[in-house]
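Asker: Line order of the protein sequences matches chains A and B.
Under the working numbering, the first residue of the first sequence is numbered 608, with each subsequent residue one higher.
Under the working numbering, the first residue of the second sequence is numbered 4, with each subsequent residue one higher.
Ideal Cβ placement from N, Cα and C applies to all residues, glycine included.
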Amino acid sequence: MKGNEALAEAAIQAGCSFYAGYPITPQNEIPEYLSRKLPAAGGTFIQAESEVAAINMVYGASACGARAMTSSSSPGISLKQEGISFLAGAELPAVIVNMQRGGPGLGNISASQADYFQAVKGGGHGDYRMIVYAPYNVQELWDLTLLAFDKADEYRTPVMVLGDGILGQMMEPFEPTPYVRPLLPEKTWALGGCVNRQPNVVRSLYMADGELERRNGLLQEKYRTMKARDVLYQTYDVGDAELIVVSFGIAARIAIAAVRKLREEGWKIGHFRPVTLFPFPERQLRELAGPDRRFMTVELNAGQMVEDVRLAVNGRSDVLFYGRPGGAIMTPEELYERLKDELKG
Amino acid sequence: MNKTIDRSPSLKKVPLRYCPGCGHIIIHRLIAEVIDALNIRERTIGIAPVGCAVFAYDYFDIDMLEVAHGRPPAAATGMKRVRPDSIVFSYQGDGDLASIGTAEIVHAANRGENISVFFVNNATYGMTGGQMAPTTLRGQVTTTTPKGRETGTAGYPLHVAEMLAALEGPSLIARTAVDSPANVKTTRDLIERSFRCQLENKGFSMIEILSACPTNWNMTPSQSTIWLREHMMNEFKLGVFRDAGKANVTRG
Numbered sequence: 608m609k610g611n612e613a614l615a616e617a618a619i620q621a622g623c624s625f626y627a628g629y630p631i632t633p634q635n636e637i638p639e640y641l642s643r644k645l646p647a648a649g650g651t652f653i654q655a656e657s658e659v660a661a662i663n664m665v666y667g668a669s670a671c672g673a674r675a676m677t678s679s680s681s682p683g684i685s686l687k688q689e690g691i692s693f694l695a696g697a698e699l700p701a702v703i704v705n706m707q708r709g710g711p712g713l714g715n716i717s718a719s720q721a722d723y724f725q726a727v728k729g730g731g732h733g734d735y736r737m738i739v740y741a742p743y744n745v746q747e748l749w750d751l752t753l754l755a756f757d758k759a760d761e762y763r764t765p766v767m768v769l770g771d772g773i774l775g776q777m778m779e780p781f782e783p784t785p786y787v788r789p790l791l792p793e794k795t796w797a798l799g800g801c802v803n804r805q806p807n808v809v810r811s812l813y814m815a816d817g818e819l820e821r822r823n824g825l826l827q828e829k830y831r832t833m834k835a836r837d838v839l840y841q842t843y844d845v846g847d848a849e850l851i852v853v854s855f856g857i858a859a860r861i862a863i864a865a866v867r868k869l870r871e872e873g874w875k876i877g878h879f880r881p882v883t884l885f886p887f888p889e890r891q892l893r894e895l896a897g898p899d900r901r902f903m904t905v906e907l908n909a910g911q912m913v914e915d916v917r918l919a920v921n922g923r924s925d926v927l928f929y930g931r932p933g934g935a936i937m938t939p940e941e942l943y944e945r946l947k948d949e950l951k952g
Numbered sequence: 004m005n006k007t008i009d010r011s012p013s014l015k016k017v018p019l020r021y022c023p024g025c026g027h028i029i030i031h032r033l034i035a036e037v038i039d040a041l042n043i044r045e046r047t048i049g050i051a052p053v054g055c056a057v058f059a060y061d062y063f064d065i066d067m068l069e070v071a072h073g074r075p076p077a078a079a080t081g082m083k084r085v086r087p088d089s090i091v092f093s094y095q096g097d098g099d100l101a102s103i104g105t106a107e108i109v110h111a112a113n114r115g116e117n118i119s120v121f122f123v124n125n126a127t128y129g130m131t132g133g134q135m136a137p138t139t140l141r142g143q144v145t146t147t148t149p150k151g152r153e154t155g156t157a158g159y160p161l162h163v164a165e166m167l168a169a170l171e172g173p174s175l176i177a178r179t180a181v182d183s184p185a186n187v188k189t190t191r192d193l194i195e196r197s198f199r200c201q202l203e204n205k206g207f208s209m210i211e212i213l214s215a216c217p218t219n220w221n222m223t224p225s226q227s228t229i230w231l232r233e234h235m236m237n238e239f240k241l242g243v244f245r246d247a248g249k250a251n252v253t254r255g
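1. Counting Cβ pairs, one atom from each stretch, are 3 or more of them under 8 Å apart for the stretch 124-137 of chain B and the stretch 93-103 of chain B?
2. Give the DSSP-derived three-state secondary structure of D99 of chain B in the structure shown.
3. Considering only the beta carbon of each residue, do L614 of chain A and V704 of chain A sit closer than 8 Å?
4. Assign A169 of chain B to one of two classes, buried (16 or more other C-beta atoms within 10 Å of its C-beta) or exposed (fewer than that).
5. Once DSSP output is grouped into helix, strand and coil, what is the label at M281 of chain B?
6. Could one say the Cβ of G628 of chain A lies closer than 8 Å to chain B's Cβ atoms, at least one of them?
7. For the stretch 17-30 of chain B and the stretch 916-932 of chain A, state whether three or more C-beta atom pairs, one from each stretch, are separated by less than 8 Å.
8. With 8 Å as the threshold, decide whether the Cβ of Y60 of chain B is near any Cβ in chain A.
9. T938 of chain A: buried (16+ other C-beta within 10 angstroms of its C-beta) or exposed?
10. If you pair each beta-carbon of the stretch 204-212 of chain B with each one of the stretch 50-68 of chain B, do three or more pairs fall below 8 Å?
11. Note down, in chain order, all residues in the stretch 777-802 of chain A with a beta-carbon under 8 Å from any beta-carbon belonging to chain B.
12. Pick out whichever of A:I684, A:F724 and A:E689 has its Cα sitting closest to the Cα of L713 of chain A.
13. So, with DSSP's three-state summary, where would you put D948 of chain A?
14. Smallest Cα separation from L892 of chain A: which of A:R821, A:D915, A:V905 and A:I691?
15. So with CB distances below 9 Å, who are the chain B contacts of F693 of chain A?
16. Should the stretch 74-84 of chain B be regarded as contacting the stretch 101-121 of chain B, the criterion being three or more beta carbon pairs within less than 8 Å?
17. Going by the CB atoms, is the gap between L826 of chain A and Y786 of chain A shorter than 8 Å?
18. Just mark S183 of chain B as buried or exposed, buried being the case when its beta carbon has 16 or more other beta carbons within 10 Å.
19. What separation, rounded to the nearest whole angstrom, lies between the Cα atoms of L14 of chain B and A35 of chain B?
20. Identify whether Y830 of chain A lies in helix, strand or coil by the three-state DSSP scheme.
21. Have a look at P137 of chain B and C22 of chain B and give me their C-alpha separation to the nearest angstrom.
22. With 16 other CB atoms within 10 Å as the buried threshold, where does Y762 of chain A fall?
23. For I43 of chain B, I'd like the list of residues in its chain whose CB is within less than 6 Å of its CB, leaving aside the five on either flank, ordered along the chain.
24. Thinking C-beta only, is A78 of chain B closer than 8 Å to T737 of chain A?
25. DSSP on N113 of chain B, reduced to helix/strand/coil?
26. Less than 8 Å between the beta carbons of P806 of chain A and I194 of chain B, yes or no?
27. If I'm right that L41 of chain B touches F207 of chain B with Cβ under 8 Å, what's the distance once you round it to whole angstroms?
28. For a test of the three-state rule: what should DSSP assign to Y743 of chain A, helix, strand or coil?
29. Consider the C-beta atom of M209 of chain B and the heavy atoms of the ligand NAD; say whether any pair is separated by less than 7 Å.
30. What residues from the stretch 167-199 of chain B come within 7 Å of chain A, judged by C-beta to C-beta, listed N to C?
31. State the CB to CB distance for the pair F885 of chain A and V853 of chain A, rounded to an integer number of angstroms; the pair is presumed to be in contact (CB under 8 Å).
32. Could you check which residue in A:E949, A:G800, A:A660 and A:Q707 has the C-alpha nearest to that of I38 of chain B?
33. Please state the DSSP three-state secondary structure of V163 of chain B.
34. Taking Cβ-Cβ distances shorter than 8 Å, what residues in chain A pair up with A79 of chain B?
35. Starting from D99 of chain B, find everything on chain A with Cβ-Cβ shorter than 7 Å and list it in chain order.
36. Is the CB-CB distance between A774 of chain A and G856 of chain A below 8 Å?
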């Protein structure tokens with residue numbers, strides 16, 4: 608089972624009952640798998656006429672209370688930004704998968720992490736954020752997809768699973784842990800006919816004096832709660848490390864291999880892996896920072912997350928960057944050499 | 004004096020903030036009347052469009068969803084697929100449905116989604132101040148066609164009903180108007196037929212409704228009614244363009 612298929616099956620297990628998407632490489636296994644399996648599980652699969660239509664189908668399905676998902680890759684995710692902004696504004700839950708490819712423009716179909724800014728800083732118009740999960744193996748594609756549906760419902764927010772072309776195509780063993788539904792609030796806001804209640808209205812337009820600012824205040828409060836409660840990260844050998852490599856997703860697979868080799872050789876090096884890119888593990892990085900320690904952010908882009916690492920450590924440590932943009936992949940050996948140079952001073 | 008006619012319960016007793024002579028008021032009323040006549044208020048979900056009629060969610064006393072410009076047929080698809088027992092309608096203007104949302108309306112119609120679409124064609128963008136719409140007539144002056152719509156650069160009035168009637172998916176496609184009591188009655192009947200299509204699982208239906216916008220046409224309400232009759236109806240012929248039941252019979 609490929610990563611993309613594991614993610615698709617996890618969505619079914621999590622009770623996703625509606626999927627709409629449009630073909631784009633390298634994520635086609637997701638709609639293909641769901642076209643076979645979702646109807647049999649009682650759900651709806653639609654191959655939409657466009658990415659724009661797909662996200663708006665998800666918007667409609669979610670407004671009616673369904674667990675809904677769409678998936679795409681970078682150029683298609685750009686098209687979905689209008690709908691993601693409306694989901695955030697109307698406070699509708701949805702899961703959006705981006706199996707990133709190289710950009711800008713049509714770019715290429717290689718793995719990339721160049722959509723970091725788009726994913727974590729809002730992407731569409733208006734002041735909004737969404738929870739962004741960055742799985743780094745097939746196990747996490749499974750686990751974080753299950754979690755994404757729960758968090759989307761808990762916060763009534765779009766949630767993104769941010770993978771890449773390698774992760775989606777990767778085959779490796781994983782444990783398909785059973786989905787256990789947590790206690791979540793009833794969707795009393797959902798549309799479905801006003802039987803024995805006042806009509807529900809789901810909207811993002813707030814025209815009355817001061818109304819939109821108050822709505823924005825509520826959204827920001829939600830994001831503060833996410834920052835307090837929902838940060839996920841993983842550390843490797845950071846205790847005595849003089850150099851901490853920070854990377855996420857597939858870049859972390861490469862970086863951890865290089866870091867382990869250097870650690871075996873006795874170098875004081877560690878690794879920090881944000882699993883949630885929003886909320887970002889700001890406090891955890893800040894607590895690790897200090898004058899005797901440097902950070903190096905490693906990304907498959909020209910330097911995006913490095914800005915958030917710098918904000919987090921706030922000048923307490925030097926923050927270096929190594930990256931390969933445009934769908935180019937670094938090898939563990941290449942990174943090993945680069946890190947060793949840095950450690951030697 | 005006794006009030007002999009009141010609003011239908013599905014239309015709230017609040018002021019409708021439309022301009023004098025605007026067709027939205029009549030069309031809102033007709034939709035509400037039909038919802039109540041068919042006794043489907045508690046099953047119905049409406050979509051408010053972008054434009055003057057966005058406030059439809061304040062006027063209809065039913066579950067309502069506000070949807071991005073042009074996207075109601077896609078959202079309605081998602082809604083109806085997950086709630087097949089609900090009655091779903093989208094209410095859209097000409098900029099929404101015939102310009103920015105052409106892909107969504109064509110493909111929802113082509114899939115034969117079991118939804119009702121009420122398409123209000125007033126040949127202009129009302130809310131944004133009277134710009135050229137895809138349905139603006141040849142030579143019609145708007146704020147973005149100051150010399151009148153020139154087909155050489157701005158194309159031709161888009162005939163949505165005829166376009167959609169060419170598809171296999173739709174069940175009922177018609178064009179009507181709200182300029183006269185007789186046409187208002189026809190419009191009401193077509194709205195009812197559209198909802199009945201859904202109730203009987205016959206699939207997609209769209210009723211295009213020619214409607215006046217006196218404010219942006221720079222006319223009085225009575226002038227705008229005459230203009231609608233003499234100019235719009237000349238370009239956009241009224242009628243039923245597709246009735247799948249009948250079509251199937253004639254095909255044998």
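Answerer: Once the coordinates are examined:
1. Yes, since at least three Cβ pairs between the stretch 124-137 of chain B and the stretch 93-103 of chain B fall closer than 8 Å, the two stretches touch.
2. Reduced to three states, the DSSP call for D99 of chain B is helix.
3. Using a Cβ distance threshold of 8 Å, L614 of chain A and V704 of chain A count as a contacting pair.
4. With fewer than 16 other Cβ atoms within 10 Å, it is exposed.
5. The structure shown has nothing for residue 281 of chain B, since chain B only spans 4 to 255.
6. Not an interface residue.
7. Fewer than three Cβ pairs drawn from the stretch 17-30 of chain B and the stretch 916-932 of chain A lie within less than 8 Å of each other, which leaves the two stretches out of contact.
8. By this cut-off, Y60 of chain B is an interface position.
9. It is exposed - the Cβ of T938 of chain A has fewer than 16 other Cβ atoms within 10 Å.
10. Judged by Cβ distances under 8 Å, the stretch 204-212 of chain B makes no contact with the stretch 50-68 of chain B, as fewer than three pairs qualify.
11. Cβ contacts with chain B come from L798, G799, G800, C801 and V802.
12. The shortest Cα separation from L713 of chain A among A:I684, A:F724 and A:E689 belongs to A:I684.
13. In the three-state DSSP reduction, D948 of chain A falls in the helix class (H, G or I).
14. Nearest of A:R821, A:D915, A:V905 and A:I691 to L892 of chain A, Cα basis: A:D915.
15. Chain-order list of chain B residues neighbouring F693 of chain A: E69, V70, A71 and R74, by C-beta distance under 9 Å.
16. With the cut-off at 8 Å, the stretch 74-84 of chain B and the stretch 101-121 of chain B touch.
17. No, the Cβ-Cβ distance between Y786 of chain A and L826 of chain A is not below 8 Å.
18. Exposed is the call here.
19. If you take the alpha carbons of L14 of chain B and A35 of chain B, they lie about 6 Å apart.
20. Three-state DSSP puts Y830 of chain A in a helix.
21. Roughly 22 Å separates the two Cα atoms.
22. Flag for Y762 of chain A reads buried.
23. Residues I90 of the same chain have their beta carbon placed closer than 6 Å to that of I43 of chain B, with the five preceding and five following residues left out of the count.
24. A small correction: the amino acid at residue 737 of chain A is Met; Thr does not occupy that position in the sequence shown. Their beta carbons are not under 8 Å apart, which means M737 of chain A does not touch A78 of chain B by this criterion.
25. Helix.
26. Between P806 of chain A and I194 of chain B, the C-beta gap is not smaller than 8 Å, which leaves the two residues out of contact.
27. Contact between L41 of chain B and F207 of chain B is absent: CB atoms are separated by about 18 Å, not below the 8 Å threshold.
28. Residue state for Y743 of chain A is assigned as coil, using DSSP reduced to three classes.
29. In the structure on display, the ligand NAD does not appear, and there are no ligands present to speak of.
30. Contact annotation: in the stretch 167-199 of chain B, no residue has its CB less than 7 Å from a CB in chain A.
31. Contact doesn't hold; Cβ gap of about 15 Å is too wide.
32. Closest in alpha carbon position to I38 of chain B, among A:E949, A:G800, A:A660 and A:Q707, is A:G800.
33. The answer is helix: DSSP assigns V163 of chain B an H, G or I state.
34. G667, listed in chain order.
35. Within chain A, no residue comes near D99 of chain B; the closest Cβ sits about 12 Å away, beyond 7 Å.
36. The amino acid occupying residue 774 of chain A in the given sequence is Leu; Ala does not appear at that position. Cβ atoms of L774 of chain A and G856 of chain A: closer than 8 Å.
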